[in-house]
Amino acid sequence: MNSDEYSVPPPLDATSVGPWEKNDGQIERHLFGTRRGDQVPVQIVGIQDLSGAVVARMIRVGAEQVELDIADVHELIWTLADACNEADRLTHLSSDFDRDVYADLLRDVDSA
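UniProt numbering puts the first residue of the sequence shown at 1, with every later residue one more than the last.
In structure tokens:
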């Protein structure tokens, strides 16, 4: 199957599209959108069918290309924010550390 067989325009947000492929009896192609980040690349990807509809949209994260749906991305954002906040607190504690003063806070962090 080549891209000349069908006259289906790519989605407006696609920066590129793959070739048409048959998958479980459906003809579809992968679409690739905006890519951000160098150390941990993040790219919007999806699948387009012959009607032109985008039947799936995911976010690909990292060099290993883990694909997450939107709900997973929201969870990841909160998880990363929590980890970042904890690391910031611990960094502050280690740079100005007085175990007696911060013992309760450390206990709270350790039990989280």
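By construction, the Cβ of each residue, glycine as well, lies at the ideal position given by its N, Cα and C atoms.
Since the structure is predicted, the reported quantities are computational estimates derived from the model, not experimental observations.
- In this structure, DSSP gives Glu64 a state outside helix and strand, which the three-state scheme calls coil.
- Here the segment 61–68 lies against the segment 40–50, with 3 or more beta-carbon pairs under 8 Å apart.
- In the DSSP assignment, Val45 falls within the beta strand (DSSP E) that extends over 42–49.
- Taken through DSSP and simplified to helix, strand or coil, Val8 comes out as coil.
- The shortest C-alpha to C-alpha distance from Thr15 to any of Tyr6, Glu5, Val45 is the one to Val45.
- Between Glu28 and Leu50, the alpha-carbon positions lie close to 6 Å from each other.
- Annotation: the continuous beta strand (DSSP E) that includes Gly33 extends over 26–36.
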